[in-house]
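Just so you know, UniProt numbering puts 770 at position 770 of the sequence shown, and the rest follows in order with no gaps.
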Amino acid sequence: MEPSAAVASRPPSFTAQTNALLRKNLIFQKRNRKGTIRLIIVPIYLCLLLTILQRVINSVLDKPKFRCGCKCVDVNGTGSCQNVCGIQYSTLDQAGSCPIPNPPEWPALLQLPRPEYRAMQESSLYAGFPDVSCRKSQSCAATIPFTGANETLSNIVMQNLFTSSPLSNLSDNASISSLLLGTDVPGTYTGFIEPAFVSDRPIYVLRPQCKASDSVTVPITFGDINIRKEMLCIQGLPLWRNSSAIINEETFNGYRKGKSQEGINEIPMAYDFQDSNEKHFSVLALYNSTYQNVSYVPMPFGLLHISRSLNAVSNAYLQFLRGSGVKMLLAFTKEMPKQETRLRFDFSSVIGPLFFEWVVALLFPVMLTYLVYEKQHKLRTMMKMHGLGDGPYWIIYYAYFLILSMIVLAFLTATFFSKVNTAQGSLIRNFIEGGKFPKKRKRKRNTQQSSIRGKLLIKYYNNRVAAMQLSVMISRKFILGRVGNPENFPVRGLSLALPYGECLGILGPNGAGKSSFISMMIGLTRPTSGNAFVREFSIQTDMEKIYNSMGVCPQNDMLWEMLTGREHLQFYGRLKSLNGSDLDTAVNESLRSVNLLHGGAPDKQVRKYSGGMKRRLSVAISLIGDAKVVYMDEPSTGLDPASRKSLWDAVKQAKRDRAIVLTTHSMEEAEVLCDRLCIMVDGSLQCIGTPKELIARYGGYYVLTMTTSPEFEQEVENLARKLSPNARKVYHLSGTQKYELPKQQVRIADVFMAVENFKRRTEVQAWGLADTTMEDVFVKVAKGAQSSEELS
Numbered sequence: 001m002e003p004s005a006a007v008a009s010r011p012p013s014f015t016a017q018t019n020a021l022l023r024k025n026l027i028f029q030k031r032n033r034k035g036t037i038r039l040i041i042v043p044i045y046l047c048l049l050l051t052i053l054q055r056v057i058n059s060v061l062d063k064p065k066f067r068c069g070c071k072c073v074d075v076n077g078t079g080s081c082q083n084v085c086g087i088q089y090s091t092l093d094q095a096g097s098c099p100i101p102n103p104p105e106w107p108a109l110l111q112l113p114r115p116e117y118r119a120m121q122e123s124s125l126y127a128g129f130p131d132v133s134c135r136k137s138q139s140c141a142a143t144i145p146f147t148g149a150n151e152t153l154s155n156i157v158m159q160n161l162f163t164s165s166p167l168s169n170l171s172d173n174a175s176i177s178s179l180l181l182g183t184d185v186p187g188t189y190t191g192f193i194e195p196a197f198v199s200d201r202p203i204y205v206l207r208p209q210c211k212a213s214d215s216v217t218v219p220i221t222f223g224d225i226n227i228r229k230e231m232l233c234i235q236g237l238p239l240w241r242n243s244s245a246i247i248n249e250e251t252f253n254g255y256r257k258g259k260s261q262e263g264i265n266e267i268p269m270a271y272d273f274q275d276s277n278e279k280h281f282s283v284l285a286l287y288n289s290t291y292q293n294v295s296y297v298p299m300p301f302g303l304l305h306i307s308r309s310l311n312a313v314s315n316a317y318l319q320f321l322r323g324s325g326v327k328m329l330l331a332f333t334k335e336m337p338k339q340e341t342r343l344r345f346d347f348s349s350v351i352g353p354l355f356f357e358w359v360v361a362l363l364f365p366v367m368l369t370y371l372v373y374e375k376q377h378k379l380r381t382m383m384k385m386h387g388l389g390d391g392p393y394w395i396i397y398y399a400y401f402l403i404l405s406m407i408v409l410a411f412l413t414a415t416f417f418s419k420v421n422t423a424q425g426s427l428i429r430n431f432i433e434g435g436k437f438p439k440k441r442k443r444k445r446n447t448q449q450s451s452i453r454g455k456l457l458i459k460y461y462n463n464r465v466a467a468m469q470l471s472v473m474i475s476r477k478f479i480l481g482r483v484g485n486p487e488n489f490p491v492r493g494l495s496l497a498l499p500y501g502e503c504l505g506i507l508g509p510n511g512a513g514k515s516s517f518i519s520m521m522i523g524l525t526r527p528t529s530g531n532a533f534v535r536e537f538s539i540q541t542d543m544e545k546i547y548n549s550m551g552v553c554p555q556n557d558m559l560w561e562m563l564t565g566r567e568h569l570q571f572y573g574r575l576k577s578l579n580g581s582d583l584d585t586a587v588n589e590s591l592r593s594v595n596l597l598h599g600g601a602p603d604k605q606v607r608k609y610s611g612g613m614k615r616r617l618s619v620a621i622s623l624i625g626d627a628k629v630v631y632m633d634e635p636s637t638g639l640d641p642a643s644r645k646s647l648w649d650a651v652k653q654a655k656r657d658r659a660i661v662l663t664t665h666s667m668e669e670a671e672v673l674c675d676r677l678c679i680m681v682d683g684s685l686q687c688i689g690t691p692k693e694l695i696a697r698y699g700g701y702y703v704l705t706m707t708t709s710p711e712f713e714q715e716v717e718n719l720a721r722k723l724s725p726n727a728r729k730v731y732h733l734s735g736t737q738k739y740e741l742p743k744q745q746v747r748i749a750d751v752f753m754a755v756e757n758f759k760r761r762t763e764v765q766a767w768g769l770a771d772t773t774m775e776d777v778f779v780k781v782a783k784g785a786q787s788s789e790e791l792s
């Protein structure tokens, strides 16, 4: 292993990094052969599918049932018929294709809410609105809030809004247009047919007051159309509000899914007369836009009944100026004339542009998934921590994805050419350099340079800025107390030195700052103050140089699911400048050290590994290549005893010529692997030393454990006090008690004799005497530090 160590000690060159990354990408692509074949075949398949679908759609839409209906009629009374086409001879499916030279004229209507949704007074917010009892009888008035700078003028205009014309002689649009009519039927996306007159819902007449005679069924004629329609009177209730803000609040609260607690409280319309006076008319008409048929399903918007509300308020102001006899009536509304049409659905035109973009950017989701996968699983960070620079990373990925894109595009375009000269000629040049592709103008000169370069620079900048923002965000993490306590940093006041050949174990409860400390040392987090040096390089300014001689086993495994364990080690070994026989030897030794060399494990994809196997592979990655400093964050998590033993042997073997920093919750692991241990609590270092030193410093007592019936608990305490007046109870639950007995005050023989005498008098279920363990030291230091923190 000495030759490989000498090679690995050199920083990896640019060529070595690009070689490692390219080999890894090619292996990854080789495993994804089916995906590559799909990328080539899918464009051709979609082209054929598009052509077939268009032909099928055209054949279906050319059938007579989708054309304007025709009938052979006698036009001259001679008995001979002539084929005449028109909407009167068409079914509902055919009517849309027929010409409509003279669309029908329909009265202009107001858009009103249904009776069960009309606004009522449910709280103080709706002061002046109809009482809630009107909902049961469905007789709630149509409340129309209004406001303005001149309250007197606004009230007069609103009183002129409603008329009391009789519901008689409604035979034409002129007589109907004098009434203020409304409907609660939403509009359709065309105006050829007014749905209010063909539905079973009544037409509403807005009046100041309603009488029984104001609700009638009357015949209405529109050209050749004769309709008998029920007309119901509803009260129009103008309601003054001091500001438009109040109107907005009442309106939006009453909408479906608004803030109303009682349900829907819809207001049909509202007016803001602003600064209107006798010489100036300025009104803001508010309407309910939710009747536009807005939905998640793509469909045309419905027409809104707005024109009648504008005409009504204009007439009301005109009567205020000129008297009640002066009106400007809105006689009717009608759709524009329509020619005969053929029902067509150009599937190619609709889907074609999107389909072309899909084909050109077919690999974009693949690339994006690949890059985001590495970002999500922090593989990019893992590679960077093992020495991979930004330059090789982006160059290899750009070239790699560009070649794949050209392969897919070549297979696609080859289907459209039959001669080499055509394929190599101006068509391809126009396709690549055509005016549809992105260009940029510079100093009044047109250039045909793609903007890809600028986008890549922006991507590189955003990547660097995002990494910096992540570091700052994590490192500035602190908690403020409710009454202004000082900032609580994850790591503070930590100072220590670690020579080569030593393993330092960091112990601490959850949230003590262990992982935060390692995150700062490996460059994931930038410290807010202070510094650390690895081989004379600062983690503040020289992290790129530190990566070349650093190994990391993160708390969570960062692995490619489709690569094998051997391929992982080969990739990271190449990043450490290993190659040839040195690389093969180092990989085999690493696999053997973590018990992954046999049973087919080296050549098995990582996605088939168990959690323990992945953990062992992460440890092997951190140790390959003779890294001088290795950070291991809980390396034995999830391992069985046998695997843990082999892992410990590998770590003990590796620490001979390197420094290892290890965090763990296992006291056994800490005592076996670590030359020195330190305990962190609340981000601060509480103690440091060898396991024996810490036990001697914080131990000095025996632990007496005894379990009896609850009635003998006091006698157990008396026994402990008799053995040592300074005995301290540290645990008590369901008859089980633990006492710390100072070693200076007791002898083991005396304890055994006292317990034997005690057992003759009482029933002792279980008892034990133990020396101080590292776990006891850890608990004692952690509790002492937390108590000191609470007191301070």
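Cβ coordinates follow ideal geometry from the N, Cα and C atoms, glycine included.
Going by DSSP in three states, residue i sits in which element: helix, strand or coil?
i: residue 142; result: strand
i: residue 793; result: Outside the shown range of the chain, which is 1 to 792, sits residue 793, and nothing can be said about it.
i: residue 227; result: strand
i: residue 162; result: coil
i: residue 562; result: coil
i: residue 688; result: strand
i: residue 732; result: strand
i: residue 548; result: coil
i: residue 715; result: helix
i: residue 35; result: helix
i: residue 234; result: strand
i: residue 671; result: helix
Going by beta carbon distance, what residues of the same chain come within less than 7 Å of residue i, once the five residues before and after it are set aside?
i: residue 89; result: 69, 70, 71
i: residue 115; result: 138, 140
i: residue 706; result: 716, 737, 764, 767
i: residue 658; result: 500, 627, 628, 629, 630
i: residue 809; result: Because the chain spans 1 through 792 in this model, residue 809 falls outside it and cannot be assessed.
i: residue 540; result: 531
Looking only at its chain, what residues have a beta carbon closer than 6 Å to the beta carbon of residue i, apart from the 5 residues adjacent to it on each side?
i: residue 522; result: 385, 552, 631
i: residue 347; result: 53, 54, 57
i: residue 379; result: 558
Counting C-beta neighbours from all protein chains within 10 Å, is the total for residue i 16 or more, i.e. buried, or is it exposed?
i: residue 575; result: buried
i: residue 240; result: exposed
i: residue 802; result: In the structure as shown, the chain begins at 1 and stops at 792. Residue 802 is therefore absent and cannot be evaluated.
i: residue 63; result: exposed
i: residue 227; result: exposed
i: residue 146; result: buried
i: residue 499; result: exposed
i: residue 697; result: exposed
i: residue 572; result: buried
i: residue 748; result: exposed
i: residue 236; result: buried
i: residue 489; result: buried
i: residue 634; result: buried
i: residue 699; result: buried
i: residue 200; result: exposed
Among the residues of its own chain, which have a CB less than 8 Å from the CB of residue i, if the five just before and after it don't count?
i: residue 306; result: 111, 285, 287
i: residue 327; result: 178, 315, 318, 319
i: residue 544; result: 389
i: residue 554; result: 378, 382, 618, 633
Would you grab the beta carbon distance between residue i and residue j for me? Rounded to a whole angstrom, and I think it's under 8 Å.
i: residue 392; j: residue 18; result: 4 Å
i: residue 704; j: residue 720; result: 6 Å
i: residue 534; j: residue 518; result: 13 Å between Cβ atoms; not a contact.
i: residue 313; j: residue 84; result: The pair is not a contact, with the Cβ atoms about 46 Å apart (cut-off 8 Å).
i: residue 363; j: residue 39; result: 7 Å
i: residue 182; j: residue 304; result: Not really, about 13 Å apart at Cβ, beyond 8 Å.
Mind pulling the alpha helix (DSSP H) runs of 4 or more residues that sit fully within the stretch 85–162? 92–95, 134–137, 151–159
As an exercise, report each continuous beta strand (DSSP E) stretch of at least 3 residues that is fully enclosed by the stretch 244–271, in chain order. none
Could you tell me which uninterrupted alpha helix (DSSP H) segments, each at least 4 residues in length, are contained entirely in the stretch 572–614, listed from first to last along the chain? 580–593
Return the chain-ordered ranges of every alpha helix (DSSP H) run that is complete within the stretch 624–648 and spans a minimum of 4 residues. none
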